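Residue numbers (the numbering used here): 116 to 354. Beta carbons: idealized from backbone N, C-alpha and C, even for Gly. Please read these numbers as outputs of a predicted model, since none were measured by experiment. A quick write-up on the structure given underneath.
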């Protein structure tokens, strides 16, 4: 008889009840996605740290017209790249080239934001994000093993996300102050925490084996958005 412990280590244990696919294939897919996600996060941290360490870089972006224009481009490029990345997600190596551009620009943008925030707040935000993401990921795997399904969250999360985006656009033209910023960012953290659960559930059950790029992008955006919103909360509370 096979040892259940060895089955888990070999990646052959069922991830959820009534699982019909071969568990080792799904486990291999999950490992691939998390490997890509880990590389993305490490590259993002490296580029963000570089911008923070070389302060004249952040100053250039924040205090000159050319720098501001480049910064706006850096912020927009990830959004623009998402479209071709989705349609080219199966075209190797173009998918990895687009993913690299997406990740590098996100890292630069994050670095510029962190350069004007105290190191204490950045560290607190990173630690809080790490704890939240790992906890929610472990919870989702545990819940899936016991038959829980989070697919029902999709329409609710999309609706709330649209409302948050509209509210953020409204705030650009009509700033509503510190308390409003904290409330908005708090709600955004809750939404992206729910997205961590939803996207992890998709990773376990619904993503096809060819969706490794898009699955890693989804989780990457969840993690970075939680980090950015926590930065806003801690910075606003520190004023």
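(request) At 4 residues or longer, and completely inside the segment 224-264: list those alpha helix (DSSP H) runs for me, N to C. (result) Taken in chain order, the unbroken stretches of alpha helix (DSSP H) that lie wholly in the segment 224-264 and span 4 residues or more are 234-260.
(request) In the DSSP assignment, find the unbroken alpha helix (DSSP H) run with residue 356 in it and report its ends. (result) The displayed coordinates of the chain run from 116 to 354. Any statement about residue 356 would go beyond what the structure contains.
(message) Rounding to the nearest angstrom, what Cα-Cα distance links residue 186 and residue 154 in this structure?
(response) As a position in the chain shown, residue 186 is number 71, starting the count at 1. As a position in the chain shown, residue 154 is number 39, starting the count at 1. Near 23 Å, if we compare the C-alpha coordinates of residue 154 and residue 186.
(message) Quick check: residue 307 and residue 337, are their CB atoms within less than 8 Å of each other?
(response) Counting from 1 along the chain shown, the entry for residue 307 is found at position 192. Counting from 1 along the chain shown, the entry for residue 337 is found at position 222. Yes, Cβ-Cβ distance for residue 307 and residue 337 is below 8 Å.
(request) My understanding is that residue 310 touches residue 282, with C-beta atoms under 8 Å, so please give their C-beta distance in whole angstroms. (result) For the purposes of this step, residue 310 is taken as residue 195 along the chain shown, with counting starting at 1. For the purposes of this step, residue 282 is taken as residue 167 along the chain shown, with counting starting at 1. Not quite, the Cβ-Cβ distance comes to about 17 Å (not below 8 Å), so this is no contact.
(request) In the DSSP assignment, find the alpha helix (DSSP H) that holds residue 301 and state where it starts and stops. (result) Counted from its first residue, the chain shown places residue 301 at position 186. It spans 292-320 - the alpha helix (DSSP H) in which residue 301 sits, taken as one unbroken run.
(request) Could you give the DSSP three-state label for residue 132: helix, strand or coil? (result) Taking the chain shown and counting its residues from 1, the one referred to as residue 132 is at position 17. Coil, per DSSP.
(request) Put residue 87 into one of helix, strand or coil per three-state DSSP. (result) Past the boundaries of the shown model lies residue 87; the chain is included only from 116 to 354, so the question cannot be answered.
(request) Return no unless some Cβ of chain D is closer than 8 Å to the Cβ of residue 254. (result) Chain labels in this structure do not include chain D; a single protein chain is all it has.
(request) Please say whether residue 214 and residue 189 have beta carbons closer to each other than 8 Å? (result) Mapped onto the chain shown, residue 189 falls at position 74. Mapped onto the chain shown, residue 214 falls at position 99. In this structure, residue 214 does not lie closer than 8 Å to residue 189 by Cβ.
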